[in-house]
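Visitor: The C-terminal residue of the sequence shown carries number 289 in the working numbering, and the numbering is unbroken.
Structure below; questions to follow.
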Amino acid sequence: MKVLFHGTAAFEGIPSLFCHCETCKHAKVRGGKNIRTRTSVLIDEILKIDFPADTLHHSIRDSVDMDKVRDLLFTHSHSDHLYPEDLLIRALGYAQFNEEEELHLYGHDLPIKHCSQLLATESHRFQFHNLKPFETVQTQTATITPLLANHDSKETCLLYYIEKDEKAIFYGHDSGWFPKQTWDWLKGKKLDLAILECTTGNAPNCEVHMNVEDTLKTREWLIENFVMKAEGRIVVTHFSHNAHLLHEDLVHIFEPNGITVAFDGMQLDI
20 MKVLFHGTAA
30 FEGIPSLFCH
40 CETCKHAKVR
50 GGKNIRTRTS
60 VLIDEILKID
70 FPADTLHHSI
80 RDSVDMDKVR
90 DLLFTHSHSD
100 HLYPEDLLIR
110 ALGYAQFNEE
120 EELHLYGHDL
130 PIKHCSQLLA
140 TESHRFQFHN
150 LKPFETVQTQ
160 TATITPLLAN
170 HDSKETCLLY
180 YIEKDEKAIF
190 YGHDSGWFPK
200 QTWDWLKGKK
210 LDLAILECTT
220 GNAPNCEVHM
230 NVEDTLKTRE
240 WLIENFVMKA
250 EGRIVVTHFS
260 HNAHLLHEDL
270 VHIFEPNGIT
280 VAFDGMQLDI
């Protein structure tokens, strides 16, 4: 299974528009892995998680054929994870694409509502699926179970447990410390890959995102409860410039603890 990290930043990106903080200044000068776009992951070129406004840039930079994507999962409706206006590009008349193939969209009520309303007056080849937490669904490309995140009290935000080709992935952001139902559900599972977040860096605890301490504690829990396979990998992503940590700072913090720091364009084979 190939897992491509399209983007690895939080809402603002790095360097952030309009920002003159030292992190953004250094990121501009150093470039490379310090340049981060809004977070999204692509699995085996056919299963994509989240749809930020940077998707056009991702497809060009990473030479991705978006028309191959069959299933698109949404974690929540925040604009750095869902920019539904760009889905119009796949409505009939805007692009030449394989009209025999449907693109299936999965999410809780609010993301699906945004997408379906936007496309209501268009002829299109989308199918909409409302997900319920902890109810397993067979998609065109994988078996998925949406889990509860702790992120925004105004909507149901989701994490994902994804099974494909006898491999299991936990997609664990955006979220602060997970709800008890999610921890309980993960017990007894065996992960090949866990994708976590560290949006706030070394800042004090934040209820809706994880800091360094939370990320490390999550790793400990996954290992102590035998959820990670011995050969399984843990990756951290979704970084804010307001955490004031450059890529090398994040590597210094996480890699001695067995956690890989994601960067834009990074691909894993699991």
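Yeah, the Cβ is synthetic: ideal placement off N, Cα and C, and Gly gets one too.
1) Let's test the definition: count the other Cβ atoms within 10 Å of the Cβ of R109 and tell me whether it reaches 16, buried, or not, exposed.
2) Ignoring anything shorter than 3 residues, give me the beta strand (DSSP E) runs that lie fully in the region 75-115, in order along the chain.
3) Quick one: using the 10 Å Cβ neighbour count with 16 as the cut-off for buried, is E216 buried or exposed?
4) Counting pairs of beta carbons, one from the region 149-164 and one from the region 181-197, are three or more of them closer than 8 angstroms?
5) With distances taken Cα to Cα, identify the nearest neighbour of G50 among S142, I33, S78.
6) Can you list, in chain order, the residues of its chain with a C-beta nearer than 6 angstroms to that of M285? Leave out the 5 residues immediately preceding and following it.
7) Look at the alpha carbon of G112 and the alpha carbon of N169, and state the distance between them as a whole number of angstroms.
8) Near M247, which residues of its chain fall below 6 angstroms by C-beta distance, leaving aside the five closest residues on each side in sequence?
9) Check whether the Cβ atoms of H127 and H95 lie closer than 9 angstroms to each other.
10) Does the distance from the CB of Y102 to the CB of A72 come in under 9 angstroms?
11) In whole angstroms, give me the CA-to-CA distance for L107 and A29.
12) Can you look up D128 in the DSSP assignment and give me helix, strand or coil?
13) Starting from T234, follow the beta strand (DSSP E) in both directions and report where the run begins and ends.
14) Helix, strand or coil for P275? Go by DSSP, reduced to three states.
15) Is R49 helix, strand or coil when you go by DSSP?
16) For N276 and R252, which I take to be in contact (beta-carbon distance under 8 angstroms), what is that distance rounded to the nearest angstrom?
17) From the DSSP output, in three-state form, read off E250 for me.
Guide: According to the structure shown:
1) On the sequence shown, residue 109 is found 90 positions in, with the first residue counted as 1. By the 10 Å Cβ count, R109 comes out buried.
2) 90-92
3) Position 197 of the sequence shown, counted from the first residue, corresponds to residue 216. Flag for E216 reads buried.
4) yes
5) As a position in the sequence shown, residue 50 is number 31, starting the count at 1. Of the listed residues, the one whose Cα sits closest to G50 is I33.
6) Working through the sequence shown from its first residue, we reach residue 285 at position 266. Result list for M285: F24, in chain order.
7) Here residue 112 refers to the residue found at position 93 when the sequence shown is read from its first residue. Here residue 169 refers to the residue found at position 150 when the sequence shown is read from its first residue. If you take the alpha carbons of G112 and N169, they lie about 39 angstroms apart.
8) The residue you call residue 247 lines up with position 228 of the sequence shown. L210, L241.
9) As a working mapping, residue 127 is identified with position 108 in the sequence shown. As a working mapping, residue 95 is identified with position 76 in the sequence shown. Cβ atoms of H127 and H95: closer than 9 angstroms.
10) Start at 1 with the first residue of the sequence shown, and residue 102 comes out as number 83. Start at 1 with the first residue of the sequence shown, and residue 72 comes out as number 53. Result yes, Cβ atoms of Y102 and A72 sit closer than 9 angstroms.
11) As a working note, residue 107 is residue 88 in the sequence shown. As a working note, residue 29 is residue 10 in the sequence shown. Going by the C-alpha atoms only, they are around 24 angstroms apart.
12) Along the sequence shown, one-based indexing puts residue 128 at 109. Helix, per DSSP.
13) Within the sequence shown, the letter at position 215 stands for residue 234. Where T234 is concerned, there is no enclosing beta strand (DSSP E), although the alpha helix (DSSP H) it sits in stretches over 231-243.
14) In the sequence shown, counting from the first residue as 1, residue 275 sits at position 256. Here P275 sits in helix by DSSP.
15) By 1-based counting over the sequence shown, the position of residue 49 is 30. The answer is helix: DSSP assigns R49 an H, G or I state.
16) Your numbering for residue 276 matches position 257 in the sequence shown. Your numbering for residue 252 matches position 233 in the sequence shown. The pair is not a contact, with the Cβ atoms about 13 angstroms apart (cut-off 8 angstroms).
17) For the purposes of this step, residue 250 is taken as residue 231 along the sequence shown, with counting starting at 1. It is a strand residue.
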